[in-house]
Structure formats: structure tokens, C-alpha cells
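As C-alpha cells, the structure follows; a few thoughts come after it.
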Amino acid sequence: MSKQTHSFQAEVQQILHLVTHSLYSNKEIFLRELVSNASDACDKLRFEALDNAALYEDAPNLDIRVFFDADAKTLTLRDNGIGMSAEEAVAHLGTIAKSGTREFMARLEGDQKKDANLIGQFGVGFYSGFIVADRMTVETRRAGLPADQGVRWSSTGTGDFEVEAIVKPERGTDVILHLRDDEAEFLSTWKLKSIISKYSDHISLPILMKKEEWDSEAKQQVVKDEWETVNKAAALWTRSKSEVTDAEYQDFYKQISYDSEAPLAYTHNRVEGRSEYTQLLYVPAKAPFDLWNRDKRGGVKLYVKRVFIMDDAEALMPVYLRFVKGVIDSADLPLNVSRELLQESRDVKAIREGSTKRVLSMLEDVAENQKDKYAEFSRQFGAVLKEGVGEDFANQERLAKLLRFASTQADEGVAFADYVSRMKDGQEAIYYITAETLAAAKGSPQLEVFRKKGIEVLLLTDRVDEWMLSHLYEFDGKPLQSVAKGAVDLGKLQDEAEKQLAEEAAEAFKPLLEKLQAALKDRAKEVRTTTRLVDSPACLVVEDGAMSAHLARMLKQAGQAAPSAQPILEVNPAHALVKKLDDAARFDDLAHLLFDQAVLAEGGQLEDPAAHVQRMTRLLTA
Ligand code: ADP
Ligand code: MG
Numbered sequence: 000m001s002k003q004t005h006s007f008q009a010e011v012q013q014i015l016h017l018v019t020h021s022l023y024s025n026k027e028i029f030l031r032e033l034v035s036n037a038s039d040a041c042d043k044l045r046f047e048a049l050d051n052a053a054l055y056e057d058a059p060n061l062d063i064r065v066f067f068d069a070d071a072k073t074l075t076l077r078d079n080g081i082g083m084s085a086e087e088a089v090a091h092l093g094t095i096a097k098s099g100t101r102e103f104m105a106r107l108e109g110d111q112k113k114d115a116n117l118i119g120q121f122g123v124g125f126y127s128g129f130i131v132a133d134r135m136t137v138e139t140r141r142a143g144l145p146a147d148q149g150v151r152w153s154s155t156g157t158g159d160f161e162v163e164a165i166v167k168p169e170r171g172t173d174v175i176l177h178l179r180d181d182e183a184e185f186l187s188t189w190k191l192k193s194i195i196s197k198y199s200d201h202i203s204l205p206i207l208m209k210k211e212e213w214d215s216e217a218k219q220q221v222v223k224d225e226w227e228t229v230n231k232a233a234a235l236w237t238r239s240k241s242e243v244t245d246a247e248y249q250d251f252y253k254q255i256s257y258d259s260e261a262p263l264a265y266t267h268n269r270v271e272g273r274s275e276y277t278q279l280l281y282v283p284a285k286a287p288f289d290l291w292n293r294d295k296r297g298g299v300k301l302y303v304k305r306v307f308i309m310d311d312a313e314a315l316m317p318v319y320l321r322f323v324k325g326v327i328d329s330a331d332l333p334l335n336v337s338r339e340l341l342q343e344s345r346d347v348k349a350i351r352e353g354s355t356k357r358v359l360s361m362l363e364d365v366a367e368n369q370k371d372k373y374a375e376f377s378r379q380f381g382a383v384l385k386e387g388v389g390e391d392f393a394n395q396e397r398l399a400k401l402l403r404f405a406s407t408q409a410d411e412g413v414a415f416a417d418y419v420s421r422m423k424d425g426q427e428a429i430y431y432i433t434a435e436t437l438a439a440a441k442g443s444p445q446l447e448v449f450r451k452k453g454i455e456v457l458l459l460t461d462r463v464d465e466w467m468l469s470h471l472y473e474f475d476g477k478p479l480q481s482v483a484k485g486a487v488d489l490g491k492l493q494d495e496a497e498k499q500l501a502e503e504a505a506e507a508f509k510p511l512l513e514k515l516q517a518a519l520k521d522r523a524k525e526v527r528t529t530t531r532l533v534d535s536p537a538c539l540v541v542e543d544g545a546m547s548a549h550l551a552r553m554l555k556q557a558g559q560a561a562p563s564a565q566p567i568l569e570v571n572p573a574h575a576l577v578k579k580l581d582d583a584a585r586f587d588d589l590a591h592l593l594f595d596q597a598v599l600a601e602g603g604q605l606e607d608p609a610a611h612v613q614r615m616t617r618l619l620t621a
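The numbering of the sequence shown is numbering that gives the first Met the number 0, which starts it at 0 and goes up by one.
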């Protein structure tokens, strides 16, 4: 292959520009990214070699070497990992495989902090080399290919790159950075060592550098022709808990998550018994931008006996814990396990159940001991946890305890247990209402009698709430009861006099209700009086067990067919507007107006807004 010139994919050009300009203040992260690529390449080799030991050629000891040439101003990272074929070099170092580029650029442009972790998160780490180099040369040969099928990739990081064939006897990759004139600080053993220990200590491969010694005659440090390991080179999770410091756990989290914030909590355990594994699991403090993508694979890496097997092993965590990051290292799984096999494995099921319990205990602990932190967790991840209520029946009760809601007493942070502890004497149910927004929930006419009697109502406004409620019927033996479904039955909370009054009103209003029913026969299934209203003239409710109006609207918005059952119109016999209904001439307009108001009050939309406007106009001009 003679020398060929290729253009970078358009996105790469934009990213190159952005990365090199906006991350300058954090430039040393280039080393972390290149070390991480070298380490990935060794992991890949080990993995492919499980089926084909010949790939090790005659160099089975994998390592990463970092060295520099002060005169030539080059810094080289060498690994003997999987390497790249010519096609791979063109594809991997010229295009961006991962989706989310646009999001990445928007964040990098928008972020005041210029979060350097973003580049790892979005899979563009290689290009960070151009922050400090005005040319990068990559010399590589893929494991298993003959020596003359090596390739040299080279670019100044603007517009295009060149590739040409070379002879490369050693398998693996050299990444050579031609440092810019003002980046000479990286031509220092001390400097490089300190960056490596800051970012790459946890890398489980040895990172080697040339030894440096003080030469007392020459009165200076001289570089010896002898390699020494400069990192700890032991995977963090394999070390005993007592030997790992909090700072090391935090650093490791940053490495694997590319999150610039410290994690909310972590747990590190060695599990022995029927299945043996080590888990190091973290709960992030902030939700990732794609939390709502349920197809997104989880954040847990799978290792088997310390050999890296795969990233994002979704089978290791339930979907509702997809935000958990970390490592699980199994002693039982076969090394050649595939994603498909993982789904069926009994060992994996045991790991998933064990890990789920660990995460829940971790959250319970935060909820118990660090209330503020837990409040923030709930804001960030509470809605995802609600998915678990319907997905993980074995842990449903524990999950329900971890949920926090808004209620008529507080805008957030109300646990079921708090609610139960505030229940009135004689109150039997946990009352709730679902709505699109907190404001809509708070304004619901259905809440009026509860407010008047000082009974707390949970205000549920997450999209998953309806779904959750279709799986959760009670808490602590108390049924969950919607205040917008069925007749209000406050049971023991209503005294005899109130009940009597309600019955009398129902009786007295019978003729009016019949007229209303006739006028609204195409809109309401039934018209009845209610005691749930105080200030509003009317509201809509659905029957017990029927789909709430809120859920029906959500389904409709999502383009799904929702059963169009008619609601029940409940009227407040004490309200002035209801009393006015007797006006025979305007009865029809007033009846429909009453219904329209009830629709609007619960955040619904009028099916025929024009008719509503005409009615209003007639009434106002009469
Ligand atoms: P990511 O590591 O997230 O995939 P990078 O921009 O860091 O993104 O690297 C891009 C790709 O280039 C890698 O996925 C890999 O295929 C290839 N690559 C980079 N460095 C090496 C290396 N040292 N050995 C083999 N392949 C490499
Ligand atoms: Mg990378």
C-alpha cells in the first residue's frame, strides 16, 4: 500500500477543533485517554486470544510503555495489545463510531466548566492527543497479521490523515506525539509519572517507564536503559477493602464513569458461597443525559477471573438500576461467555440478585443517614426507581420505601412511611392524584374536601407513576386510593351529620341530575352529586379500576389507542353555579359549561373549543 490521504469525517473535524481548543486548560488528560486506549487494546487481545492463543505470538506479557525523546520532542505510548489493521486504523481513527456526537459538541460548547470527562464518555479520547501535539503518528500491527502488514497513520489533526504500509515486527501500537514547542513540560519522567499516578494507577496492566537516576558526576538525572513499573498495576477491586482509600475509590469511579462528580455512594464486596464474585458498584450523583433511554446498556463491566470480558453487561443489573456503574468480577463464569449466554446463566441470575440487593442497601443507608444527599438522589433518579416497583416484585416493598413524592404537605421528599405516620384517625387509605404537573395536581378540584379536612394527598406527576400504580396497590397494609376515581368514600373520616346531608342533597338534586344527564348524554356517563368539592362547582372522575384521564391523555400523546370511556360528572350541590342551573332558558349552555370547566380544571383539552367559546359568548351577552 502506497501512501494514501483520507479526509476525516466531518464530525471528527469539528470535534478535533473543539477538543483541542476547549480542553486546553485540562490538557494532561490526553495521557489518561491514550493509556486507557492502550489498556483497552490489551483487554481485547486477551479476549480474542481465549479462542486463539496464537495471537500472543511470542509476547504473552502485556504492558504499556511510555517514553520520550527530548531532542526530537516526541512522546510515545507503546502497547502490545490487539493493534489495528489498515482498514481498522482508517475506520477507528478517522470516523466516530458512537452516536451522540451532536450532544457531545453541544455540551462541550455550552459547558462553562469544559468538562474533560466528556471526551471519554463520548468515545473521542484519541483526538485529545492533538491538544499537546501538532502531529500524531500511529504505528500499529494487528495481532495475527504478518510483520509486513503494519500501518503508519499520521495527521496534523486538521482536515486529513495519511496511511501507509510499514513493516512492524512487534504486535501492537505505538502512538507517537510530536509535541508542540510549548509543551516541553511533558518531556519529563517526573511529570509523566505524576500524571500516570493521578489518572491511571488503577490500570491493571503494568505501565513501564525508563528508570531515571541521579548522576553525581554529571550532576543531573540520567535516563537508564532499564524499565520500571510506575503504576500499582493491580485492579482496584481485587485489593482488599482495608487497603483501598476513599480517594482511590473516588478516582476509580471517575475513570470508569467519566463522571466529573464524585459518586453518591459505593459498595465493594467479595461474595462467596454458591457463586463467587467481587462487586464494586457505584451510584452516581447526577443522572446521565440518556437516563431515559431504557435500551441503553447498563454501566457495569464484567470481568471473569480478572480478565476483562465486556463493558455494559446489562444482564448483571435490572433495567431500573441502569444508572449503577462499576465492576463485577466473577470466579465462576466461563471466559468465553457471550451476551446471549449471560442472559440465560444461573450464575448471572445469582449475581444480578445479589448486586440488586447491595445497591438497595446502599440506597437505604443513604436515605437513612444522609437525608440531603438522598433528596438529591430522588430528584435525579427517583422516577427510574419507580420502574422497579413493577419490574422487580421480589424487591417491591424495599423499593416502595425508597420512593419520595410530592404531597399536599410538601413539594418533595415525602416517603410512604411519612405519609402513613401523618394519617388521620380513622383514615384507611393512602390518597393520591396523578397529573401532568405539580401545579395541575395542586389545582385539582378533587382535592378540595381533603384539604378542608386536613387529609394529606400524594401528588404524582412523573410519567411512570401511572404505570407504577398499576403494580403497587398498597403500602404497609394501606390501600392506595386515587381521589379522582370512584365515589369519595372517606369512611370513618366523615361524620354521621355529613353523611346525612350528602344523602339529602342527592335526593333533592335528583330531578336536576336527570336533566343534566340528558343534556350531557354524549359527554358524561353519569352525573351525580358529591361531597368532594368545596370551592369548585364540578369535577370529573372515572370509575374505580378505570383508566385515569391523565393516563388516557398520556397514551394519546404517545400515539397509542386509549379506551375512550366517558367520565362521571360530579357536581357540588352547595355551589352557586350549580344552584343557578335551574334557569331553564340557559340550561343547556350552563350544563355544557359546567362540564367544560371540569375538563379544563384537570388539565384536559376541550374536544370542541369553538362550541365552548360560543357558549361563553352567549352567556356573557345574555
Ligand atoms: P474509544 O476508546 O472510546 O473507542 P477513542 O477515540 O479513544 O475512543 O479511540 C477510538 C478507537 O481507536 C478505539 O475504539 C480503538 O478501536 C482504536 N484505538 C485507539 N487506540 C488504540 C490502541 N492503542 N490500540 C488499538 N486500537 C486503538
Ligand atoms: Mg478511548
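A virtual CB, placed ideally from N, CA and C, is assigned to each residue, including glycine.
Asked	Found
Return yes when the C-beta of M83 is under 7 angstroms from any heavy atom of the ligand ADP, and no when it is not.	yes
Give me the DSSP bridge partner(s) of A264.	V282
Output the residue ranges of the alpha helix (DSSP H) runs that lie fully inside the stretch 363-420 and measure 4 residues or longer, sorted by chain position.	370-390, 395-401 and 415-420
Can you give me the Cβ contacts of L54 inside the same chain, cut-off strictly under 7 angstroms, excluding the 5 residues immediately before and after it?	L44, E47, A48, A142 and G143
With R31 as the anchor, note down where its alpha helix (DSSP H) starts and where it stops.	I28 to A48
Excluding the five sequence neighbours on either side, which residues of its own chain have a C-beta within less than 8 angstroms of the C-beta of E363, listed in chain order?	R397, K400 and L401
Assuming A132 and R170 make a contact with CB atoms under 8 angstroms, what is their CB distance in whole Å?	Their Cβ separation, rounded to whole angstroms, is 24 angstroms, which puts A132 and R170 out of contact at 8 angstroms.
With H, G and I counted as helix, E and B as strand and the rest as coil, what does DSSP make of W189?	helix
What residue range does the beta strand (DSSP E) around L527 cover?	In the sequence on display, residue 527 carries Arg and not Leu. Element bounds for R527: E525 to T528.
Is any heavy atom of the ligand ADP found at a distance shorter than 7 angstroms from the C-beta of L176?	no
Identify, in the order they occur along the chain, each residue of the same chain with its Cβ nearer than 6 angstroms to the Cβ of P566, setting aside the five sequence neighbours on each side.	L539 and V541
Would you tell me roughly how many angstroms separate the C-alpha atoms of E56 and V166, rounded to the nearest one?	16 angstroms
Just to confirm, does E32 get its C-beta within under 7 angstroms of one of the non-hydrogen atoms of the ligand ADP?	yes
Taking just the CA atoms, how far does E427 sit from E455?	12 angstroms
Alpha helix (DSSP H) containing A575: first to last residue?	A575 to K579
So, do the stretch 228-246 and the stretch 195-209 have three or more beta carbon pairs nearer to each other than 8 angstroms?	yes
Could you tell me how far apart the beta carbons of T528 and L512 are, in whole angstroms, since I believe they sit closer than 8 angstroms?	7 angstroms
Between the Cα of W213 and those of A234, W189 and K2, spot the shortest distance and give me the residue it belongs to.	W189
Less than 7 angstroms between the CB of G143 and some heavy atom of the ligand ADP, yes or no?	no
Please say whether M83 and T172 have beta carbons closer to each other than 8 angstroms?	yes
DSSP state of S360, grouped into three classes?	helix
Could you tell me which uninterrupted alpha helix (DSSP H) segments, each at least 4 residues in length, are contained entirely in the stretch 293-352, listed from first to last along the chain?	338-343
For A537 and A564, which I take to be in contact (beta-carbon distance under 8 angstroms), what is that distance rounded to the nearest angstrom?	No, A537 and A564 are not in contact; Cβ-Cβ is about 18 angstroms, not under 8 angstroms.
If A85 and V162 are in contact, beta carbons under 8 angstroms, what's the gap, nearest whole angstrom?	6 angstroms
Could you give the uninterrupted runs of the beta strand (DSSP E) lying entirely in the stretch 146-184, keeping only those of 3 residues or more?	149-154, 159-165 and 171-178
Excluding sequence positions up to five away, which residues of its chain have a Cβ less than 6 angstroms from the Cβ of K72?	L178
Using three-state DSSP, classify E495 as helix, strand or coil.	helix
Would DSSP call H591 helix, strand or coil?	helix
Can you tell me the Cβ-Cβ gap for K356 and Y252, rounded? I've got them flagged as a contact below 8 angstroms.	Not confirmed; about 21 angstroms, so no contact.
Do Y431 and S481 have their C-beta atoms within less than 8 angstroms of each other?	yes
Measuring CB to CB, does L92 end up less than 8 angstroms from V137?	yes
From the DSSP secondary-structure annotation, give me the bridge partner or partners of V541.	K484
In this structure, how does DSSP classify L468 when only helix, strand and coil are distinguished?	helix
If we cut at 8 angstroms on Cβ distances, does D173 have a partner in chain C?	In the structure shown, chain C does not exist; there is a single protein chain.
Would you list the one or two residues that DSSP bridges to H6?	For the record, residue 6 in the displayed sequence is Ser; it is not His. Answer is D159, bridged to S6.
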